[in-house]
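Peer 1: This is the structure I have questions about; it appears just below.
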Amino acid sequence: MASFKGLTSHFHIHVDYFLRVFSNYNSHLPNKLVFYQVGRHNQSFQNILNHELQQAIQQACQELYGHNSIPQICFVLVKKNHNTRFFILDKQSNRAHNIQPGTVVDTDIVPPNGFYFYLNSHAPIKGTSRPVLYQVLYDEIGSTSDEIQQLTYYLCHIDVRCPKGILVPAPVYYATQCVSHHLNLHHHKQISNNEAVFSATNKYDIQESEQSTSRQQWLTVDRK
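Quick look at the structure:
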């Protein structure tokens, strides 16, 4: 819950910023917003999504859009960590091969309640390809399943450092890298602070030890 509260408390600031960036580049504000959220679905996040996040978007859009209609929104949950894998079985050689990039599975094995789909967007250099499970949690846009799946697949091909498709949509990958970088900096800062405190403590102990030794030597000389 703490992470969700942190998300909602600053969410309107980020939405406002990116809306202004979009407006500066395109000379108009968007009428549709699609959000991809990495994580696992639970009722707590669903409740926050239905209430606080939507209110945060309205708060961010109120000043920019004025009396105009605020943009329609769509929230898609991205789940990378699961045990589902897909293979193509070659009956002649009796060997399994990776499925092709762009393969979508949205029937039979997905949960019956809700809008779920597996998408394999990349071709691994080595090993088994990993499909990603997507769940559309909220959709005001009214997009068809094909449109959401196609948009998600296209977004996996806009990574500036890779000419091929990647595991997740590029905005998701960039956001994950930014969070990881921030956490690493925070971790190293904590380690540095702890080392500084440890060094200062050691220095204090050494000084105290030296002073104690000097006093002991002086007392010994005085008794003679």
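Counting in numbering that gives the first Met the number 0, the sequence shown runs from 0 upward without gaps. Ideal Cβ placement from N, Cα and C applies to all residues, glycine included.
Whose CA, out of T127, H66, P110, G164, lies closest to the CA of V135?
Peer 2: Taking the first residue of the sequence shown as 1, we reach residue 135 at position 136. The shortest Cα separation from V135 among T127, H66, P110, G164 belongs to P110.
Peer 1: So who's on the other strand from I87, going by DSSP bridges?
Peer 2: In the sequence shown, the residue the question calls residue 87 occupies position 88. Bridge partners of I87: H96.
Peer 1: Could you compute how far the alpha carbon of H9 sits from the alpha carbon of G126?
Peer 2: In the sequence shown, residue 9 corresponds to position 10, counting from 1. In the sequence shown, residue 126 corresponds to position 127, counting from 1. In a straight line, the C-alpha of H9 is about 39 Å away from that of G126.
Peer 1: State the start and end residues of the unbroken beta strand (DSSP E) segment that holds C73.
Peer 2: Position 74 of the sequence shown, counted from the first residue, corresponds to residue 73. Counting along the chain, the beta strand (DSSP E) containing C73 begins and ends at 71-78.
Peer 1: Cα separation between Q45 and Y117?
Peer 2: The sequence position of residue 45 within the sequence shown is 46, counting from 1. The sequence position of residue 117 within the sequence shown is 118, counting from 1. Cα to Cα, Q45 sits roughly 20 Å from Y117.
Peer 1: At the level of alpha carbons, what is the spacing between G101 and P162?
Peer 2: Taking the first residue of the sequence shown as position 1, residue 101 is located at position 102. Taking the first residue of the sequence shown as position 1, residue 162 is located at position 163. Distance between the alpha carbons of G101 and P162: 15 Å.
Peer 1: Is it buried or exposed for P123, if we count other Cβ within 10 angstroms and need 16 for buried?
Peer 2: Taking the first residue of the sequence shown as position 1, residue 123 is located at position 124. Exposed is the call here.
Peer 1: How many Å lie between N93 and F85 at the Cα?
Peer 2: Position 94 of the sequence shown, counted from the first residue, corresponds to residue 93. Position 86 of the sequence shown, counted from the first residue, corresponds to residue 85. Cα-Cα distance, rounded: 15 Å.
Peer 1: Once the 5 residues before and after I132 are set aside, which same chain residues still bring their CB inside 6 Å of it?
Peer 2: What you label residue 132 is simply residue 133 of the sequence shown in a count that begins at 1. Going by the sequence as given, residue 132 is Leu instead of Ile. Taken in chain order, the residues that qualify are K78, H81, Y117.
Peer 1: On the DSSP bridge list, what partners appear for K31?
Peer 2: Position 32 of the sequence shown, counting from 1, holds the residue named residue 31. K31 pairs with Q71.
Peer 1: N112 by DSSP, collapsed to three states: which one?
Peer 2: Counted from its first residue, the sequence shown places residue 112 at position 113. N112: coil per DSSP, three-state reduction.
Peer 1: Figure out for me which residue from E139, H156, L182, H181 has the closest Cα to the Cα of N49.
Peer 2: As a working note, residue 49 is residue 50 in the sequence shown. The shortest Cα separation from N49 among E139, H156, L182, H181 belongs to E139.
Peer 1: What is the residue span of the alpha helix (DSSP H) that L150 lies within?
Peer 2: The residue given as residue 150 occupies position 151 in the sequence shown. Run containing L150: 144-154, per the alpha helix (DSSP H) assignment.
Peer 1: Going along the chain, which residues of its own chain have a beta-carbon closer than 7 Å to the beta-carbon of F74, five neighbours each way excluded?
Peer 2: By one-based count along the sequence shown, residue 74 stands at place 75. Excluding positions up to five away in sequence, the list reads F34, Q36, L48, L136, Y137.
Peer 1: Are G38 and L63 close, meaning C-beta to C-beta below 9 Å?
Peer 2: Taking the sequence shown and counting its residues from 1, one reaches residue 38 at position 39. Taking the sequence shown and counting its residues from 1, one reaches residue 63 at position 64. It is not a contact, given that the beta carbons lie outside the stated cut-off.
Peer 1: Determine the direct distance from the alpha carbon of H66 to that of N30, and round the result to whole angstroms.
Peer 2: Taking the sequence shown and counting its residues from 1, the one referred to as residue 30 is at position 31. Taking the sequence shown and counting its residues from 1, the one referred to as residue 66 is at position 67. Cα-Cα distance, rounded: 14 Å.
Peer 1: Determine the burial state of V171: buried for a count of at least 16 other Cβ atoms within 10 Å of its Cβ, exposed for fewer.
Peer 2: The sequence position of residue 171 within the sequence shown is 172, counting from 1. Counting Cβ neighbours within 10 Å, V171 comes out buried, since at least 16 surround it.
Peer 1: Just to confirm, are F114 and I72 a CB contact at a threshold of 9 Å?
Peer 2: For the purposes of this step, residue 114 is taken as residue 115 along the sequence shown, with counting starting at 1. For the purposes of this step, residue 72 is taken as residue 73 along the sequence shown, with counting starting at 1. No; because the gap between Cβ atoms is not below 9 Å, this pair is not in contact.
Peer 1: Which residue marks the beginning of the alpha helix (DSSP H) containing L63, and which one marks its end?
Peer 2: Position 64 of the sequence shown, counting from 1, holds the residue named residue 63. Taken as a continuous stretch (DSSP letters only), the alpha helix (DSSP H) holding L63 covers 53-64.
Peer 1: Which residues in the same chain as V167 place their Cβ atom closer than 7 Å to its Cβ, once the five residues preceding and following it in sequence are excluded?
Peer 2: The count along the sequence shown starts at 1 and reaches residue 167 at position 168. If we look at V167 and ignore the five residues flanking it on each side, its Cβ neighbours are V77, K79, V131, C155.
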